[in-house]
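K.L.:
The listed protein sequences derive, respectively, from chains A and B.
Quick note on numbering: full-length UniProt numbering labels position 24 of the first sequence as 24, and the sequence is numbered without any gaps.
Quick note on numbering: full-length UniProt numbering labels position 152 of the second sequence as 152, and the sequence is numbered without any gaps.
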Amino acid sequence: MDNESVITSILKPEHQIPIPKPLKMEEENKVTLHRTWYSPFAKRVELALKLKGIAFQYVEEDLQNKSPLLLNYNPVYKKVPVLVHNGKPLAESLCIIEYIDETWKNNSPPLLPEDPYKRAKVRFWTAFIHHQLHETSFAVMTTCGEAQEKAIKELSEKLQVLEEGMKEFFPDGSPKISNDSMGILEITICSLFGAFEIQEQVLGIKIIDPEKTPLIFSLLTAINQVPLVKESAPPFDKTVATLKAFRERNLSSIKS
Amino acid sequence: MEKSDVKVKVLGSWSSPFVLRARIALNIKSVNYEFLQERLWEGKSELLLKSNPVHKKIPVLIHGEQPICESLIIVQYIDEAWSSGPSILPSDPYERATARFWAAYLDEKWFPSMRSVGIAQGDDAKKAAIAQVEEGLALLEEAFAKCSKGKAFFGGDQIGFLDISFGSFLGWLRVTEKMSETKLLSEAKTPALLSWAHKFCSHPAVKDVMPDTEKLAEFSKTILARFRGAAPPKS
């Protein structure tokens with residue numbers, strides 16, 4: 001299905017892990033990411049691992065046919081991403097990113113600031129993007145007609161709120177982002193809107209308008225130039241095709 | 001300026017489980033604070049609108065001049081800003097991630113399912129809603145065994161992040177039990193959580209701020225009446 005180097009050998013199936021068992025040599029320090037290449041939530045974890053220079057393996061999941069391992073590792077949601085470290089599974093991308101930041105705290109960049117108030121602000125806006133923007137963006141992507149118009153309007157309003165919020169982080173209006181300055185906030189916004197040009201192509205509408213939300217536009221442009229982000233981006237055509245198919249599937253399930 | 005000289009305020013309401021989280025966390029750290037009760041039916045205060053312009057919701061913690069919003073973010077802030085007091089998050093990164101995972105589950109899945117019980121119309125809908133809540137409680141009973149490792153609380157010997165995140169809902173859980181005439185926490189199905197709930201509510205950091213179930217039940221009737229009569233107020 002895809003070109004990425006995927007480790008197909010799967011870890012030995014295990015039961016839920018209530019008590020840490022003595023690890024096999026090869027399991028110690030091993031980091032595995034269960035994901036699909038098109039999942040924005042898995043992308044967040046992938047970026048966090050790469051930014052910190054952490055060696056890891058992918059297990060590519062087929063969401064139509066989830067592996068027993070995934071179902072075992074994430075029985076509550078049965079979703080990707082799941083990170084497995086030292087044989088212990090973790091789910092929920094934002095929880096995973098904070099885990100990565102705390103476990104590999106000597107690897108730069110820090111994914112959250114040190115100061116408690118700044119951390120609270122970063123968490124606030126990360127949560128805003130995660131809870132408010134993802135849902136609305138999903139609605140824009142998977143609906144048409146009146147429902148889509150309503151979702152587009154809502155997305156536009158929420159993007160204005162985000163635009164205001166980002167001014168505090170980038171007061172001079174022109175964010176300069178590098179591998180070393182990417183954090184959980186940049187990762188999260190990138191995971192949702194990094195491919196905004198692709199989304200705009202598929203939908204035929206403007207999503208990130210440089211006139212309405214110039215700061216978000218500049219921020220995304222800067223993030224997309226970061227070497228690690230660039231090299232992690234899946235091929236343009238492949239993403240367009242997958243997004244088109246995703247939209248079609250959702251539209252036809254509404255109609256049926 | 002010492003942290004202890006800086007004023008701490010909590011904007012909230014006695015009935016909100018989210019506000020309760022902030023108050024319990026401050027109590028654990030023995031931080032004195034001023035509690036500013038929002039007058040729920042009289043519109044939101046200027047201070048609330050100014051300190052939380054994005055969501056316009058309670059709780060807001062105001063530390064000096066700095067507002068912090070969103071209850072789980074507030075609790076983590078309290079843990080980090082008053083780092084010399086007893087720890088709220090566990091020290092081990094995996095345990096921290098686990099606590100955060102379950103706190104997110106509570107807010108995104110479990111609490112909405114419990115709210116649905118109150119709103120559900122008709123026996124079938126109510127039964128279905130209750131079944132969902134109980135499914136969640138079964139997961140949480142299992143999580144308790146893993147997190148507590150035989151101790152009294154999710155956090156071990158002392159109450160921690162997940163105790164606060166979940167325990168803050170106990171008042172509303174009891175109201176739901178009362179209104180639906182069902183025992184959600186029981187000796188038969190959730191013995192560990194039943195025992196935990198009792199210990200949590202008796203904890204010194206909790207007992208003076210946990211709302212009285214009768215008072216909450218009366219209050220919930222008022223909300224329900226308004227909800228059924230008009231569009232629900234968004235707070």
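Beta carbons are placed, not taken as given, at the ideal position from N, Cα and C, and that holds for glycine.
Note that the coordinates shown come from a computational prediction; the quantities given were computed from them, not determined experimentally.
Check whether the Cβ atoms of Leu49 of chain B and Lys56 of chain B lie closer than 7 angstroms to each other.
P.N.:
A contact, by the Cβ cut-off of 7 angstroms.
K.L.:
What in chain B is Cβ-close to Val76 of chain A, meaning under 7 angstroms?
P.N.:
The contacting residues are Tyr105 and Leu139.
K.L.:
Is any beta-carbon of chain A found at less than 7 angstroms from that of Ile24 of chain B?
P.N.:
Ile24 of chain B does not count as touching chain A.
K.L.:
Apart from the five residues on each side of it in sequence, which residues of its chain come closer than 7 angstroms, Cβ to Cβ, to Ser13 of chain B?
P.N.:
Excluding residues within five positions, the ones whose Cβ falls inside 7 angstroms are Val19, Gln37, Glu38, Leu40 and Ile58.
K.L.:
On the three-state DSSP scale, how would you describe Lys206 of chain A?
P.N.:
Looking at Lys206 of chain A - three-state DSSP - the assignment turns out to be coil, as it is neither helix nor strand.
K.L.:
Any contact between the stretch 79-94 of chain B and the stretch 131-141 of chain A? By contact I mean 3 or more CB pairs, one from each, below 8 angstroms.
P.N.:
Segments in contact, no.
K.L.:
Take Lys212 of chain A as the anchor and find which of A:Leu63, A:Lys118 and A:Leu159 has the nearest alpha-carbon.
P.N.:
The shortest Cα separation from Lys212 of chain A among A:Leu63, A:Lys118 and A:Leu159 belongs to A:Leu159.
K.L.:
Give me the Cα-Cα distance between Glu14 of chain A and Arg21 of chain B, rounded to the nearest whole angstrom.
P.N.:
Only weak support exists for where Glu14 of chain A lies, its pLDDT of 44 falling under 50; the value from the coordinates is given anyway. Each residue's Cα considered, the two are about 36 angstroms apart.
K.L.:
Which residues in chain B have a C-beta closer than 7 angstroms to the C-beta of Thr103 of chain A? List them in chain order.
P.N.:
Chain B residues near Thr103 of chain A: Pro93.
K.L.:
I need the DSSP call for Thr143 of chain A, collapsed to helix, strand or coil.
P.N.:
Residue state, collapsed to three classes: coil.
K.L.:
Who pairs with Phe35 of chain B in a beta bridge, going by DSSP?
P.N.:
Answer by DSSP bridge pairing, in chain order: B:Val10.
K.L.:
On the DSSP bridge list, what partners appear for Arg35 of chain A?
P.N.:
Note: Arg35 of chain A sits in a beta bridge opposite A:Glu60.
K.L.:
For chain B, is any of its Cβ atoms less than 7 angstroms away from the one on Arg123 of chain A?
P.N.:
Closer than 7 angstroms: yes.
K.L.:
Where does His198 of chain B land, buried or exposed, given buried means 16+ other C-beta within 10 angstroms?
P.N.:
Looking at its Cβ environment, which holds fewer than 16 other Cβ atoms inside 10 Å, His198 of chain B is exposed.
K.L.:
Is it buried or exposed, Phe153 of chain B, if we count other Cβ atoms within 10 angstroms and call 16 or more buried?
P.N.:
Buried.
K.L.:
7 angstroms is my cut-off, CB to CB: does Phe101 of chain B come that close to chain A?
P.N.:
Chain A contact via Cβ: present.
K.L.:
Can you tell me which of A:Gln64, A:His85, A:Gly87 and A:Asn86 puts its alpha carbon nearest to the alpha carbon of Lys78 of chain A?
P.N.:
Closest by alpha carbon: A:Gln64.
K.L.:
List the residues of chain B that Phe128 of chain A touches, going by C-beta distances under 8 angstroms, in chain order.
P.N.:
Those within 8 angstroms of Phe128 of chain A in chain B are Val54.
K.L.:
Less than 7 angstroms between CB atoms is the rule here; does Glu168 of chain A satisfy it with respect to chain B?
P.N.:
No, its Cβ sits nowhere closer than 7 angstroms to a Cβ of chain B.
K.L.:
Check whether chain B comes within 7 angstroms of Val140 of chain A, counting only Cβ atoms and requiring the distance to be less than that.
P.N.:
Chain B contact via Cβ: absent.
K.L.:
Candidates A:Ser181, A:Leu251, A:Lys255 and A:Lys66: which alpha carbon is nearest Gln225 of chain A's?
P.N.:
Nearest C-alpha to Gln225 of chain A: A:Ser181.
K.L.:
If we count the other Cβ atoms within 10 Å of its Cβ and call it buried at 16 or more, is Phe236 of chain A buried or exposed?
P.N.:
Exposed: under 16 other Cβ atoms inside 10 Å.
K.L.:
Which partner residues of Pro67 of chain B appear in the DSSP bridge assignment?
P.N.:
Per DSSP, B:Ile62.
K.L.:
Flag this pair as yes or no: are the beta carbons of Lys88 of chain A and Tyr94 of chain B separated by less than 7 angstroms?
P.N.:
Yes.
K.L.:
Would you call Asp62 of chain A buried or exposed, if buried means 16 or more other Cβ atoms sit within 10 Å of its Cβ?
P.N.:
The residue is exposed, with fewer than 16 neighbouring Cβ atoms inside 10 Å.
K.L.:
In whole angstroms, give me the CA-to-CA distance for Glu163 of chain A and Ala48 of chain A.
P.N.:
Cα to Cα, Glu163 of chain A sits roughly 24 angstroms from Ala48 of chain A.
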